[in-house]
Structure formats: structure tokens, C-alpha cells
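Asker: Handing you this structure, nothing more for now.
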Amino acid sequence: MIGFLMVAVNFILYVLFGILVTGMGSLKKSEIMEGVSLASPGSKVSEIILAGFFFYYALFTLFAVPVTYRWRPLSMLSNLWCIAVAVVTVLSLIVGRKRYAEAVRTLVAGTRNIRELVIRSDDKDNGKNRDKINSSMIWFAAAVIVLLAIELTVVLYSYQFTLDAAYYVANVTTSLQTNSLNIYDPYTGDWQDHFEMRYFFATYPLQDAVMCYVTGIPALIQTKIIMASVSILLTNMLYYMIGRELFGEGRRRAVFLMMAFAGLVNFFFSTIYTTSTFLTTRTYEGKCILGNVVLPAIFYIYIKIIRAKDKACGWWAFLFLVAFGSTVISNSSNMLVPAALGVLFVPVAVRQLLKRDIKGAVLTVVRMGVCMLPGLILMLTYVAYVHGKFVFYTYPK
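Using my numbering, the letters of the sequence shown correspond one by one to residues 802 to 1198.
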């Protein structure tokens, strides 16, 4: 029960961080979330959560890396992060006070969101049958909920034995027992004379250690139940967001059908070559979030940028936030995220060139390059480390 309560706490934190970074207090001035309202039925809140998730980890790594580099203890990082979260919470409540008030008024007003979910409002009848219960809509929604519940049950009760999965649990446990950060080998417990750069900037496990230190939750509960559940819920939220963007707000049946299909694919197309493997059997790992949250988020923002055309500046900022935040999740993102950005946006620039839109093509390439920078810089840093160009020791030297 405590584990599932902490899942809710995580999403509350993402909302708080998301509202701060998207500037919800000045909605008309916000380009990223233009037209967003916490009171809107089930729509733009997902974008706030998504932005908050990546902002949360991006900000965390700015605290974690310096503390780790200077050999400071986990307790110090935990105290600093608690202060940072408190500051962000206060600022978020101030900045987003208008949106919180709208959300409260919506909840008090009744079940408007649920009613709009089950009442027929297809384009064919132009809203004439809005008072008629849409039984097929209920069945679609129920099927998706059942599928999500099965997915959570299978993942949370499965036994995972890969070395990477063991690392994510052992790293948190080792940090807690030694009150240190990446100084001891999680597999053996032996002291390391230098930091392993493969994990130095990927501070995702350290955040788990901080949560365990602050709350007293065991490392296995934090990694296997709490963050695994968060990963699955974020993944399905992105399925909904992408489906809604592709099929439109009024085609909810198509959206739910896409979610159901994606769920079936995750269950029955789980191979080493798909992200389904990480979602269903390796949910401990940062690679699970990379494959099932980061890359779909990039694709979602790509759709938004294409449709926004000349008004996409804010969405590009959102994309940079995702690209920077992904470097915290997994070291693999340093290669995959720039590659994904190139696959998506190079054709956009070529198309603009064919239309003789030189300015637009140059702007697209420059923005794409800026979004690639965090991953490319860390990838080159790791290559330099592998070739012996530098090393960060775990003791003063």
C-alpha cells in the first residue's frame, strides 16, 4: 500500500515541477502549453506531467553530479534535494495558483470529465446524441483499464534476474548502506578508486536512493514496485497522448483501440529487439524509461512541432528539456536520442529546402543540433574516458 501511495506522490511531484516549468501562472504567455488548462477534460494535464517528469530529473542531476564528484555522502544530497523540492513546490503553488483554483472548481462542479468520456459525441451526429450513453466507449475504456491492470500485475510480480536489473537495485542498496554515491561496486561491495563514467552522469538510481533515504522505503520496493509502476503508467499515458494527437480529441474509441493494441503488442511481441522486453521484464532499468517514455515523448513533440509550424518555439524548448532529462535516465540515451532527433528532423529540413524555405531549414537544423548537444557532449565525454583521456577519482589526489 505504501508503494502505491508513493506512486501517487511521484505524480504529484511531476505536476508541481511541470506547472513551474511550463509557466502555467501566465497561460497566455506560455508557448509550450498554449491552450492548456488543468480543468480541461483529461487532455493537457498529461503534458504537464510529462514536462514535470523530465524537469524533475534534469534538476536532480544538477545537484547529484557535483555532490558525487566531491565525494559527499548520500545524506547531504538527500537534504539538498529536499530543500530544492520544497522551493519548487512553493514556487509552483505561487506560479500556478490560478490553475489549481480551476482544478478545484472543476472537481467541486462534479464529474464533467467522466461524463464527457462516456457520453456519445462523435463527429457523425454533431453532438445531437450527447445525452445518450455510449456503451461501446465504456467497453473500450474498460478493456484498456483491465489491460493496464494485467500489465502492472505481470510486471510487479515477475522475477527479473539480469545483471542490469541487479545493478539498479544493488546501487540503491549500496548507497544506503554506505551513505555514499557510486564509490562502491554494487555487484561486489568493493571500493572503487575511480568513478565509472558509464553511470556517473546517469543519476537515475541515485534519485531512488534519495527517496529511500528520506522515506525509509526498502530499495527493492522503490525500484521494483514504485518506479516500475511509474514507468508503466507514463508509457500508457504517452500512448493516449499520441493516439489523441493522431486521431483527434473526438475519436476516443480510436485512441483507446490504439492503447489496447499497444498493450497486446507489449505482451506478445516481447523480444530482445523491442522496447516491450524492457517494459515487461526489465522495468527496473533506465533503458525501460528510455525506450518506452523518452522516445515516444520525442515522437509526440515531433508531431506537435510539425503541426505548430512557425509557432513551435515553445515545443522546441520542451524537446530540449526531454533530451537533457533523458541523459539522466540512461547512458544509452546519449546515442539514441540524437539518432532519433536526426531521423525525425533531417527529413523536415530537407523538405523545407525543397520548398526553398532556406531560413526554416537552417532554423530546424540549428534547433535540432541544440537538442542533440546534451547527449553528444556526454557521449564524447564517455569516449574520452574509455580512451584514458581523464578519470574522476573517488578520493582526493
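The C-beta atom is built at its ideal place from N, Cα and C for all residues, glycine as well. Quick caveat, the model's predicted, so the values are computed rather than measured.
1) Report the rounded CA-to-CA distance for Val1094 versus Tyr1196, giving the unit in angstroms.
2) Checking 9 Å against the spacing of the C-beta atoms, do Lys1025 and Val970 come in under that value?
3) Which class does Tyr985 belong to by DSSP, given the choice of helix, strand or coil?
4) Hey, Phe861 and Thr1075: beta-carbon distance below 9 Å or not?
5) Evaluate Val822 with the Cβ neighbour count: other Cβ atoms within 10 Å of its Cβ, from every protein chain shown; 16 or more gives buried, anything less gives exposed.
6) Are the CB atoms of Asn1135 and Tyr1183 nearer to each other than 9 Å?
7) Kindly indicate which residue of Val808, Val846, Ala809 and Ala859 has the alpha-carbon position closest to the one of Ile1130.
8) On the three-state DSSP scale, how would you describe Tyr1005?
9) Taking Leu806 as the reference, give the member of Arg1045, Gln1023 and Tyr1085 with the closest Cα.
10) May I ask you to list the residues that DSSP assigns as paired with Tyr1194?
11) What are the start and end residues of the alpha helix (DSSP H) that includes Gln978?
12) Does the beta-carbon of Ala1185 have 16 or more other beta-carbons within 10 angstroms, so that it is buried, or is it exposed?
13) Taking Trp872 as part of the alpha helix (DSSP H), name the residues at either end of that continuous run.
14) When you compare only the Cα positions, how much space is there between Val1192 and Trp940?
15) Which residue marks the beginning of the alpha helix (DSSP H) containing Pro1019, and which one marks its end?
16) Assign Lys1105 to buried or exposed, taking buried as 16 or more other Cβ atoms, counted over all protein chains shown, within 10 Å of its Cβ.
17) Would you kindly work out how many angstroms separate the C-alpha atoms of Phe1048 and Phe1057, rounded to a whole number?
18) Hey, Pro1097 and Leu1039: beta-carbon distance below 9 Å or not?
19) Smallest Cα separation from Thr975: which of Lys845, Gly1161, Cys1013 and Gly804?
20) Could you spell out the range, first to last residue, of the alpha helix (DSSP H) harbouring Tyr1085?
21) Identify, in the order they occur along the chain, each residue of the same chain with its Cβ nearer than 8 Å to the Cβ of Ile1090, setting aside the five sequence neighbours on each side.
22) Could you give the DSSP three-state label for Phe1057: helix, strand or coil?
23) Note down the Cα distance separating Phe996 from Leu1177, rounded to an integer number of angstroms.
24) How far does the alpha helix (DSSP H) with Gly1170 in it reach, from first residue to last?
25) Would you call the CB atoms of Phe1002 and Thr1128 closer than 9 Å?
26) Would you call the segment 1159-1171 and the segment 881-893 touching, i.e. three or more CB-CB distances under 8 Å?
27) Start and end of the alpha helix (DSSP H) containing Ser1134?
28) For the alpha helix (DSSP H) holding Val816, just list the boundary residues, first then last.
29) First and last residue of the alpha helix (DSSP H) that includes Ile1130?
30) Look up Ser831 in the DSSP assignment and say whether it is helix, strand or coil.
31) In its own chain, which residues sit with a C-beta less than 6 Å from the C-beta of Val945, not counting the 5 before and 5 after it?
32) Check whether the Cβ atoms of Ala887 and Leu982 lie closer than 9 Å to each other.
33) Just verifying my parser: in three-state terms, what is the DSSP assignment at Ser959?
34) Do you know offhand how far Met834's Cα is from Phe812's?
Answerer: This is what the structure holds:
1) Along the sequence shown, one-based indexing puts residue 1094 at 293. Along the sequence shown, one-based indexing puts residue 1196 at 395. Cα to Cα, the separation comes out at about 36 Å.
2) Against the sequence shown, residue 1025 aligns to sequence position 224. Against the sequence shown, residue 970 aligns to sequence position 169. Their beta carbons are under 9 Å apart, which means Lys1025 touches Val970 by this criterion.
3) One-based indexing of the sequence shown puts residue 985 at position 184. Three-state DSSP puts Tyr985 in a strand.
4) Indexing the sequence shown from 1 puts residue 861 at position 60. Indexing the sequence shown from 1 puts residue 1075 at position 274. No, the pair does not count as a contact, with Cβ atoms beyond the cut-off.
5) Position 21 of the sequence shown, counted from the first residue, corresponds to residue 822. Val822 is buried by the Cβ-count criterion.
6) As a working note, residue 1135 is residue 334 in the sequence shown. As a working note, residue 1183 is residue 382 in the sequence shown. Cβ distance < 9 Å, so Asn1135 and Tyr1183 count as in contact.
7) Within the sequence shown, the letter at position 329 stands for residue 1130. Nearest option by C-alpha distance: Ala859.
8) For the purposes of this step, residue 1005 is identified with residue 204 of the sequence shown, where counting begins at 1. DSSP places Tyr1005 in helix when its eight states are reduced to three.
9) What you label residue 806 is simply residue 5 of the sequence shown in a count that begins at 1. Leu806 has its Cα closest to that of Gln1023, out of Arg1045, Gln1023 and Tyr1085.
10) For the purposes of this step, residue 1194 is taken as residue 393 along the sequence shown, with counting starting at 1. For Tyr1194, which the question treats as bridged, DSSP gives the partners His995.
11) In the sequence shown, the residue the question calls residue 978 occupies position 177. Segment Leu964 to Thr979, the alpha helix (DSSP H) holding Gln978.
12) Locating residue 1185 in the sequence shown gives position 384, where the first residue counts as 1. It is exposed - the Cβ of Ala1185 has fewer than 16 other Cβ atoms within 10 Å.
13) In the sequence shown, the residue the question calls residue 872 occupies position 71. Looking at the DSSP string, Trp872 is not in any alpha helix (DSSP H), and its letter there is neither H nor E.
14) Residue numbering aside, residue 1192 sits at position 391 when the sequence shown is read from its first letter. Residue numbering aside, residue 940 sits at position 139 when the sequence shown is read from its first letter. If I take the Cα positions, the gap works out to 57 Å.
15) If you number the sequence shown from 1, residue 1019 lands on position 218. Per DSSP, Pro1019 belongs to no alpha helix (DSSP H) and is neither H nor E.
16) Position 304 of the sequence shown, counted from the start, is the residue given in the question as residue 1105. Counting Cβ neighbours within 10 Å, Lys1105 comes out buried, since at least 16 surround it.
17) Within the sequence shown, numbered from 1, the residue matching residue 1048 stands at position 247. Within the sequence shown, numbered from 1, the residue matching residue 1057 stands at position 256. Approximately 10 Å between the Cα atoms of the pair.
18) To locate residue 1097, count along the sequence shown from 1; it is residue 296. To locate residue 1039, count along the sequence shown from 1; it is residue 238. Contact: yes.
19) Mapped onto the sequence shown, residue 975 falls at position 174. Closest option to Thr975, Cα to Cα, is Cys1013.
20) Looking up residue 1085 in the sequence shown gives position 284. Looking at the DSSP string, Tyr1085 is not in any alpha helix (DSSP H), and its letter there is neither H nor E.
21) For the purposes of this step, residue 1090 is taken as residue 289 along the sequence shown, with counting starting at 1. So the list reads Tyr1005, Ser1032, Leu1035, Ile1130 and Ser1131, once near-sequence residues are dropped.
22) Position 256 of the sequence shown holds residue 1057. Three-state result, Phe1057: helix.
23) As a working note, residue 996 is residue 195 in the sequence shown. As a working note, residue 1177 is residue 376 in the sequence shown. The straight-line gap from Cα to Cα measures roughly 20 Å.
24) Numbered from 1 along the sequence shown, position 369 holds the residue referred to as residue 1170. Segment Ile1159 to Val1187, the alpha helix (DSSP H) holding Gly1170.
25) Stepping through the sequence shown from its first residue, residue 1002 is reached at position 201. Stepping through the sequence shown from its first residue, residue 1128 is reached at position 327. Contact: yes.
26) no
27) Mapped onto the sequence shown, residue 1134 falls at position 333. That run of the alpha helix (DSSP H) goes Ser1134 to Leu1155.
28) Walking along the sequence shown from the start, residue 816 turns up at place 15. Here the alpha helix (DSSP H) through Val816 covers Ile803 to Thr823.
29) Here the question's residue 1130 lines up with position 329 in the sequence shown. Residues Cys1114 to Ile1130.
30) Position 30 of the sequence shown, counted from the start, is the residue given in the question as residue 831. Since pLDDT at Ser831 reaches only 41, below the 50 mark, its modelled position is unreliable, and no value is offered.
31) In the sequence shown, residue 945 corresponds to position 144, counting from 1. Cβ within range, chain order: Phe1057, Met1060 and Ala1061.
32) Numbered from its first residue, the sequence shown carries residue 887 at position 86. Numbered from its first residue, the sequence shown carries residue 982 at position 181. Result no, Cβ atoms of Ala887 and Leu982 do not sit closer than 9 Å.
33) By one-based count along the sequence shown, residue 959 stands at place 158. Looking at Ser959 - three-state DSSP - the assignment turns out to be coil, as it is neither helix nor strand.
34) The residue given as residue 834 occupies position 33 in the sequence shown. The residue given as residue 812 occupies position 11 in the sequence shown. Caution applies to Met834, whose pLDDT of 43 falls short of 50 and renders its modelled position unreliable; the value that the coordinates give is listed next. Each residue's alpha carbon lies about 19 Å from the other.
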